[in-house]
Amino acid sequence: MARKISKPADRTRGPTTRARRARRVLVAVATRKGAWLYHGDAARKTWRADGPHFLGHVISHLVLDPRDGRTLLAAAKTGHLGPTVFRSTDLGRTWKEAARPPAFAKAADGKEGRSVDHTFWLTPGHAGEAGVWYAGTSPQGLFRSGDGGVTWQPFSPINDDPQYRKWMGTVQDGTPDGPKLHSIIVDPRDAAHLYFAMSGGGVHESVDGGRTWAPILKGLEVVEGFDRAEATFHDPHCVRLCPSNPDRLYQQNHCGIYRLDRPSDTWVRIGKTMPRQVGDIGFPMVVHPRDADTAWVFPMDGTAVWPRTSPQGRPAAYATRNGGKTWQRLDAGLPASQAWWTVKRQAMTADAADPVGLYLGTTSGELWMSRDEGRRWACMARHLPEIYAVEAAELRSR
Amino acid sequence: MKVLIPSALRSYTEHGEAEGSGATLGAVLADLDRRYAGIRFRMIDEQDRIRRHIRIFVNGEQVRDLSQPLRATDEVTIVQALSGG
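In order, the protein sequence lines correspond to chains A and B. First residue of the first sequence? That's 1 in this note's numbering, and the numbers climb one at a time after it. First residue of the second sequence? That's 1001 in this note's numbering, and the numbers climb one at a time after it.
In C-alpha cells form, the structure reads like this:
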C-alpha cells in the first residue's frame, strides 16, 4: 500500500514555493538476493537505481516509515544464517542491525520451542505512535517494536496460545517456504484496532490493542473437502484496508477474491465476476489510496497442480471500479504471450499520486510500473533476482 | 581462544579470526556476541539450537552441544554449510 509521507510545514517559504515542490516516489524492492531502491523523478518517468543493498541476503520486505520519511526497515536472512532486521535512518545510505531481532520466547525445559526462520512482513504502527512497528514471521509469529525497529518483543498472546498454535498448524501445513503471518493492518482511526492474516490460519482481528483476538472467517471458502469453520484450513494470501474507508477491506485468498464491509463480519466473494478462463486466484491485493471502490489484483493459474503462473502465459492486472461488481483487464504493455511469471503477495503496490501509479515485481526479476492506474504498463528494471516485495512511498523533494 | 569465522559472518568481525573466551562453547559464543553484537543469533536460534546450516568444530571435532567444556588452548571453527543456490 502506498504511504504518503508527511513532514512538518516549512514556515520559511511561501505557498507558491511549496506548491512548486514536487513529490517524488521511492520504490523499495526486496528480492531473494538483496534489495534495491528506485528514486523516481517528479513525473515518475526516469528512475535512479540504488543498490544492491545486502547482496546475497534474502530480503522478504523493505518498508519506509511514513511517519518520518527516512527510516527504512529490511527483513533479512541468508540461506545459511539466522534471520535479522536491518535499519537505516538515512534512506538507505547506512544500515545498522537490530539489537534484538524478532525471536520467540525460550521454551521451558523439556518443551519444544519454535524459532523464527525469517521475518516476512513489516508494518509501521499507527501515525500517532512514533517508533512502533509490527512484524510477522515464518513460522507464524507476531512481534512489536516500540523503538523504531531496534529491539523486538513477542506481541500479544497468540504466539503461545494453544488455540492459535493449533490454527497455525505445522510447517507441513504452510506455504512451500514456510507458514507465514502477514497482512498486519493498523486501523488509521484507532491504534488498538488491528488485523493480521496467516497462511494458513485465517484472518484475525483485535479491538483491544492485541490483548485478545478473534477470527473473521465467515463467507470465506476453503479447499474442497475441508471444514471452513476451522481456521487452520483458511489461506488468506493478502488483506488490505482502504485508507479512504477503513471499514472496507479487500482480500486475495487461496480460494478467491473477497470484500468485507464492517461492521459486518461476513466476507463477500467478489471474484466470481472475474473471467472464467482467468479465475480469481492470485497473491497480491492492492487498494486505491482515495477510492474505496477501486482495487487491483494480479491473477495466477490456480488450476490442477497450481502452476501459480500467469494464466495462459498472458500476465494481466485486473481492476474493479465498483467494489468488485465488475473487473477490467489491464495488460497494455505487458507481454502478450509466453510470460510465465508470478507476482507474489507483497510484490504489487500503489503510490498516492494522481493518477495512481502501480508497481509490481515478478518472480523472474522484472519490475513493472503504470503511471495511469494500470491502463499502460512499462518495465522499470530487468534481470533482478526473484522479487519478493515492492513498496512505494511518496517523498517530498529535499 | 582462537575462533575461525566463516566469510558469511565477517561483516561482524571484519576478520577471519576472532578471540573469544569462556569455559564452554556457549560461553565463548556469548563472549563473541558481546564483542560483535548480533553474531550469535545468526548461528544459534532462540531455543539455543545450532542453526541448520551452521557447523561448529573444536580442534577438528564437530560439537553439537553448547555446554561442551573448552580449554583456553582449544581452537573453535565455525563453518557454514556448502549448499544453496
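Quick reminder that beta carbons are idealized off the backbone N, C-alpha and C, glycines included. This structure is a prediction, so every number in the text was calculated from the model and none was measured.
Measuring CA to CA, which of 112/A, 340/A, 23/A, 349/A is closest to residue 44/A?
For the set 112/A, 340/A, 23/A, 349/A, the Cα lying nearest the Cα of residue 44/A is the one of 23/A.
Does DSSP classify residue 198/A as helix, strand or coil?
The answer is strand: DSSP assigns residue 198/A an E or B state.
Inter-residue Cα distance where the pair is residue 1072/B and residue 81/A:
In a straight line, the C-alpha of residue 1072/B is about 27 angstroms away from that of residue 81/A.
Output, in chain order, the set of chain A residues within a Cβ distance shorter than 8 angstroms of residue 1045/B.
Going along chain A in sequence order, the residues near residue 1045/B (Cβ under 8 angstroms) are 82, 103, 115, 116.
Do residue 152/A and residue 102/A count as a contact pair if the criterion is CB distance below 8 angstroms?
Against a cut-off of 8 angstroms, the Cβ pair of residue 152/A and residue 102/A comes out as a contact.
Residue 204/A beta carbon less than 8 angstroms from that of residue 192/A:
Contact: no.
Put residue 1001/B into one of helix, strand or coil per three-state DSSP.
Coil at residue 1001/B, not helix or strand.
Would you be able to state if there are at least three C-beta pairs under 8 angstroms between the segment 355-366 of chain A and the segment 27-46 of chain A?
A contact exists between the segment 27-46 of chain A and the segment 355-366 of chain A.
Counting contacts by CB-CB distance shorter than 8 angstroms, is residue 1053/B in contact with chain A?
By this cut-off, residue 1053/B is an interface position.
Quick one: which residues of the segment 53-83 of chain A get their C-beta closer than 9 angstroms to a C-beta of chain B? List them in chain order.
Those residues of the segment 53-83 of chain A that come within reach of chain B (Cβ to Cβ, closer than 9 angstroms) are 56, 77, 78, 79, 80, 81, 82, 83.
Exposed or buried, what is residue 90/A when buried is set at 16 or more other beta-carbons lying within 10 Å of its beta-carbon?
Label assigned to residue 90/A: exposed.
Chain-ordered neighbours of residue 1080/B on chain A, where CB pairs are closer than 9 angstroms:
Listed along chain A, the residues sitting closer than 9 angstroms to residue 1080/B by beta-carbon distance are 78, 79, 80, 81.
Alpha helix (DSSP H) runs contained entirely in the segment 1002-1058 of chain B, provided each spans 4 or more residues
You should have 1010-1013, 1025-1035, 1039-1043.
Is there a Cβ of chain B sitting closer than 8 angstroms to that of residue 180/A, yes or no?
Answer no: the Cβ-Cβ gap between residue 180/A and chain B never drops below 8 angstroms.
Spell out whether any CB of chain A is found under 8 angstroms from the CB atom of residue 1049/B.
Chain A, which has a Cβ nearer than 8 angstroms to the Cβ of residue 1049/B, makes this yes.
Considering only their Cβ atoms, is the gap separating residue 352/A from residue 289/A smaller than 8 angstroms?
With contacts defined as CB atoms closer than 8 angstroms, residue 289/A and residue 352/A qualify as a contacting pair.
Is residue 300/A helix, strand or coil by DSSP?
In the structure shown, residue 300/A adopts coil according to DSSP, grouped into three states.
Could you work out which residues of chain B lie near residue 421/A, taking near to mean beta carbons separated by less than 7 angstroms?
This structure cannot settle anything about residue 421/A, because the visible part of chain A is limited to 1 through 398.
Quick one: what's residue 77/A bridged to in DSSP?
Answer by DSSP bridge pairing, in chain order: 58/A.
Sufficient close CB pairs (3 or more, under 8 angstroms) joining the segment 147-161 of chain A to the segment 216-226 of chain A
Short answer: they don't touch.
Taking Cβ positions only, does residue 19/A come closer than 8 angstroms to chain B?
Caution applies to residue 19/A, whose pLDDT of 37 falls short of 50 and renders its modelled position unreliable; the model cannot decide the point.
Could you pull out every residue in the same chain whose Cβ sits closer than 7 angstroms to the Cβ of residue 265/A, ignoring the five residues on either side in sequence?
Answer for residue 265/A: 216, 218, listed in chain order.
Which word fits residue 242/A, buried or exposed, when buried means at least 16 other C-beta atoms lie within 10 angstroms of its C-beta?
By the neighbour-count rule (16 or more Cβ atoms within 10 Å), residue 242/A is buried.
I need the straight-line Cα distance from residue 1019/B to residue 1007/B, nearest angstrom please.
Here the alpha carbon of residue 1019/B sits roughly 16 angstroms from the alpha carbon of residue 1007/B.
Going by CA-CA distance only, name the one from 160/A, 75/A, 84/A that's closest to residue 107/A.
Among 160/A, 75/A, 84/A, the Cα nearest to that of residue 107/A is on 160/A.
Whether residue 316/A touches residue 327/A by CB criterion (8 angstroms)
Not in contact: residue 316/A and residue 327/A (Cβ atoms no closer than 8 angstroms).
Closer than 8 angstroms, CB to CB, is residue 336/A near chain B or not?
Closer than 8 angstroms to the CB of residue 336/A there is not a single CB belonging to chain B.
Looking at residue 292/A and residue 248/A, is the spacing between their C-beta atoms short of 8 angstroms?
Yes, the pair counts as a contact, with Cβ atoms nearer than the cut-off.
Cβ-based neighbour list, residue 368/A, same chain, cut-off 6 angstroms, excluding 5 preceding and 5 following:
In the same chain as residue 368/A, and ignoring 5 residues on each side of it, the C-beta atoms closer than 6 angstroms to its own belong to 360, 377, 379, in chain order.
Tell me which residue opens and which closes the alpha helix (DSSP H) that residue 167/A is part of.
Looking at the DSSP string, the run of the alpha helix (DSSP H) that includes residue 167/A is 162-168.
Between the beta-carbon of residue 53/A and the beta-carbon of residue 78/A, is there less than 8 angstroms?
Taking 8 angstroms as the Cβ cut-off, residue 53/A and residue 78/A do not qualify as a contacting pair.
Can the beta-carbon of residue 1001/B be found closer than 8 angstroms to that of residue 1075/B?
Yes.
Taking a contact to mean a Cβ-Cβ separation below 8 angstroms, would you say residue 386/A touches residue 357/A in this structure?
The answer is no: Cβ separation not under 8 angstroms.
List, in order along the chain, the chain B residues whose C-beta lies closer than 7 angstroms to that of residue 107/A?
Against residue 107/A, the close residues of chain B are 1047, in the order they occur along the chain (beta-carbon pairs closer than 7 angstroms).
Report the option in 41/A, 64/A, 33/A whose CA atom is closest to the CA atom of residue 393/A.
Among 41/A, 64/A, 33/A, the Cα nearest to that of residue 393/A belongs to 64/A.
Since residue 1061/B is in the beta strand (DSSP E), which residue starts that stretch and which ends it?
Residue 1061/B -> beta strand (DSSP E) spans 1061-1063.
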